[in-house]
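Novice: Whatever position you read off the sequence shown (first residue = 1), add 21 for this note's numbering. Each residue gets a CB set at the ideal place from its N, CA and C atoms; glycine is no exception. Quick one: this structure, given as structure tokens, is what I'll be asking you about.
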Amino acid sequence: AYRFGSNKFATPELHAINRAAYWDYQRNKIYVRSSKQLKRISKRHCNRKSRRLPVNKIIECGAPSNCPKCKSRNITTYRKETKTVYDLKFTHTGIKRWIVRFLFRRYACNMCGNTFLSKKRSWTRSKYGSALLSYTIYQIIELCHPQATVEKNLNELFALNIPTGSISRLKTRASQFYRYTYETLIKNISNGLLIHADETKLNIKNNSVYVWILTNLEEVVYIYSTTREADMIQKLLKNFTGILVSDFYAGYNSINCLQQKCLIHLIRDLNDDLFKEPFNEELKELVWQFGLMLKPMIETVDRYGLKKRYLRKHNKDVSHFYKMLAKSNYESEIANKYKKRFDKNRYKLFTFLNYDGVPWNNNNAEHAIKAFARLRKIVRGLTSEKGIQEYLILLSICETCKYKGISFLSFLRSGQRDIDEFINNRHSVES
Numbered sequence: 022a023y024r025f026g027s028n029k030f031a032t033p034e035l036h037a038i039n040r041a042a043y044w045d046y047q048r049n050k051i052y053v054r055s056s057k058q059l060k061r062i063s064k065r066h067c068n069r070k071s072r073r074l075p076v077n078k079i080i081e082c083g084a085p086s087n088c089p090k091c092k093s094r095n096i097t098t099y100r101k102e103t104k105t106v107y108d109l110k111f112t113h114t115g116i117k118r119w120i121v122r123f124l125f126r127r128y129a130c131n132m133c134g135n136t137f138l139s140k141k142r143s144w145t146r147s148k149y150g151s152a153l154l155s156y157t158i159y160q161i162i163e164l165c166h167p168q169a170t171v172e173k174n175l176n177e178l179f180a181l182n183i184p185t186g187s188i189s190r191l192k193t194r195a196s197q198f199y200r201y202t203y204e205t206l207i208k209n210i211s212n213g214l215l216i217h218a219d220e221t222k223l224n225i226k227n228n229s230v231y232v233w234i235l236t237n238l239e240e241v242v243y244i245y246s247t248t249r250e251a252d253m254i255q256k257l258l259k260n261f262t263g264i265l266v267s268d269f270y271a272g273y274n275s276i277n278c279l280q281q282k283c284l285i286h287l288i289r290d291l292n293d294d295l296f297k298e299p300f301n302e303e304l305k306e307l308v309w310q311f312g313l314m315l316k317p318m319i320e321t322v323d324r325y326g327l328k329k330r331y332l333r334k335h336n337k338d339v340s341h342f343y344k345m346l347a348k349s350n351y352e353s354e355i356a357n358k359y360k361k362r363f364d365k366n367r368y369k370l371f372t373f374l375n376y377d378g379v380p381w382n383n384n385n386a387e388h389a390i391k392a393f394a395r396l397r398k399i400v401r402g403l404t405s406e407k408g409i410q411e412y413l414i415l416l417s418i419c420e421t422c423k424y425k426g427i428s429f430l431s432f433l434r435s436g437q438r439d440i441d442e443f444i445n446n447r448h449s450v451e452s
């Protein structure tokens with residue numbers, strides 16, 4: 022059966038023949054020589070790419086008052102220079118291309134011979150402006166568009182003639198700028214009172230790596246790791262004194278803090294095994310007793326929220342359940358396995374009854390994993406280790422903006438790096 026992708030050939034001759042059969046190669050190198058229509062199309066395409074774009078605004082930069090090295094005022098113009106920045110301009114009704122040309126001069130000091138530019142420079146070092154950067158990152162991260170699609174979008178809609186590879190460099194530039202924001206999120210979460218943790222796998226060029234997710238109710242971080250070993254998370258959370266909500270992965274057990282194991286994971290496991298052994302009366306009785314105990318707790322949560330003054334009354338039901346478990350002598354292997362599992366996690370299954378604001382499941386982290394899974398479909402193992410780390414920095418900020426109820430694109434456009442400061446500034450402006 023035919024499949025897409027690169028083929029491997031036994032000889033270099035076969036490889037060269039196959040390469041000559043690609044559609045782009047044949048259309049641009051072969052068919053165009055025998056078709057006047059294709060020749061005209063090719064010529065129009067080349068002319069469109071090379072045409073110069075009109076400048077929307079010209080800014081002339083002022084001269085410095087003295088030499089920055091020796092402070093002498095005896096300076097002269099050395100040479101004239103220009104800088105063109107390709108950008109976008111957001112309006113109330115849409116977006117348009119916006120090109121700014123900066124006119125400035127390089128100066129020379131007659132005293133020390135130093136050459137320098139004016140300090141009053143307002144342009145970016147990049148060829149592309151901040152609004153274009155914001156729009157690009159918004160499409161890549163929140164809308165999950167492939168980089169090639171974003172490049173085509175910008176070139177088609179705004180005729181910016183962005184060359185291949187520029188989108189990746191813009192992503193790198195954004196990740197470097199927001200590194201501070203990312204590290205602040207990690208610090209806030211690890212110093213907080215509640216953490217939801219989970220992990221998922223990613224393939225990078227046929228190698229398996231892992232992404233760890235740490236989140237509270239307002240912030241999310243995605244952390245890259247080459248293995249599923251929990252050493253990195255254990256080191257990060259060594260001073261954590263809050264409550265950790267997680268699944269039953271053994272790596273979390275060595276973290277020295279109060280823990281709440283995800284009861285949804287336990288329910289799924291019980292349900293799956295009950296379907297596998299529908300005639301196991303011991304397992305059926307155990308599942309029934311557990312559901313009978315847990316259902317009133319969830320009803321209390323639904324009615325009053327995660328408040329211990331309403332939930333702690335259910336501790337007596339937990340004690341009754343464990344007394345029943347201690348008296349039970351199961352003959353089936355699966356029932357005994359769950360009895361041991363309940364005993365091992367006795368003080369990690371019902372922590373939410375005794376503390377305010379602690380969920381009984383890990384859906385918060387699983388929701389954050391879904392956001393990464395959407396991005397993972399786009400990346401599809403084609404990125405590098407450096408590339409995925411850049412994605413994770415930006416995705417952490419995007420999901421945190423969603424958790425805090427603000428627009429990711431608006432935050433990017435603001436040029437700020439502190440999300441809470443952006444929220445406070447926005448509220449002060451609105452009030």
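Just reading off the alpha helix (DSSP H) that residue 288 is part of, what are its end residues?
Specialist: 284-297
Novice: Measure the C-alpha to C-alpha separation of residue 377 and residue 268 and round it to an integer number of angstroms.
Specialist: 20 Å
Novice: Quick one: what does DSSP say residue 414 is sitting in, helix, strand or coil?
Specialist: helix
Novice: If I'm right that residue 124 touches residue 157 with Cβ under 8 Å, what's the distance once you round it to whole angstroms?
Specialist: Not confirmed; about 27 Å, so no contact.
Novice: To the nearest angstrom, report how far apart residue 214 and residue 154 are at their CA atoms.
Specialist: 35 Å
Novice: Could you pull the DSSP bridge partners for residue 96 from this structure?
Specialist: In the DSSP secondary-structure assignment, residue 96 is bridged to 130.
Novice: At a cut-off of 8 Å, is residue 231 close to the ligand GTP when judged by its beta-carbon and the heavy atoms of the ligand?
Specialist: With respect to the ligand GTP, the structure shown offers nothing to examine, as it has no ligands at all.
Novice: Whole-angstrom Cβ separation of residue 183 and residue 172, contact assumed at under 8 Å?
Specialist: A Cβ-Cβ separation of about 6 Å places residue 183 in contact with residue 172 under the 8 Å criterion.
Novice: What separation, rounded to the nearest whole angstrom, lies between the Cα atoms of residue 23 and residue 339?
Specialist: With a pLDDT of only 47 at residue 23, under the threshold of 50, the placement of this residue in the model should not be trusted; the figure read from the coordinates follows. Roughly 59 Å separates the two Cα atoms.
Novice: Between the region 398-413 and the region 361-377, do three or more beta carbon pairs fall short of 8 Å?
Specialist: no
Novice: Since residue 278 and residue 263 should fall inside the 8 Å C-beta cutoff, what is the C-beta to C-beta distance between them, to a whole number of angstroms?
Specialist: 6 Å
Novice: Count the CB pairs spanning the region 194-201 and the region 228-245 that are closer than 8 Å, and state whether there are at least three.
Specialist: no
Novice: Compute the Euclidean distance between the alpha carbons of residue 393 and residue 410, then round it to the nearest angstrom.
Specialist: 12 Å
Novice: Take the Cβ of residue 107 as the centre, count every other Cβ of all protein chains shown within 10 Å, and call the residue buried at 16 or more, exposed below.
Specialist: buried
Novice: Could you tell me which of 307, 121, 312 and 226 sits nearest to residue 285, measuring between CA atoms?
Specialist: 312
Novice: Which of the three DSSP states is assigned to residue 429 in this structure?
Specialist: If DSSP states are grouped into helix, strand and coil, residue 429 belongs with the helices.
Novice: How long is the line joining the alpha carbons of residue 292 and residue 298, rounded to whole angstroms?
Specialist: 10 Å
Novice: Use the C-beta contact count for residue 300: other C-beta atoms within 10 angstroms, 16 or more gives buried, fewer gives exposed.
Specialist: Burial is judged here by how many other beta carbons sit within 10 angstroms of a residue's own beta carbon; residue 300 has fewer than 16 and is exposed.
Novice: Does DSSP put residue 218 in a helix, a strand or coil?
Specialist: Of the three classes helix, strand and coil, the one that applies to residue 218 here is strand, per DSSP.
Novice: Determine the direct distance from the alpha carbon of residue 210 to that of residue 381, and round the result to whole angstroms.
Specialist: 19 Å
Novice: Would you kindly check if the distance between the Cβ of residue 218 and the Cβ of residue 207 is under 9 Å?
Specialist: no
Novice: Please go through the same chain and pick out, in chain order, the residues whose beta-carbon is closer than 8 Å to the beta-carbon of residue 436, but skip the five residues on each side of it.
Specialist: 151
Novice: Taking only the alpha-carbon atoms, compute the straight-line gap between residue 440 and residue 360 and give it to the nearest angstrom.
Specialist: 46 Å
Novice: Leaving out the 5 sequence neighbours to the left and right, which residues in its chain are closer than 7 Å to residue 452 when beta-carbon positions are compared?
Specialist: Low confidence applies to residue 452: its pLDDT is 40, below 50, so where it sits in the model is not reliable enough to give any reading.
Novice: Among 391, 121, 129 and 77, which residue has its Cα nearest to the Cα of residue 100?
Specialist: Ranking the options by Cα distance to residue 100, first place goes to 129.
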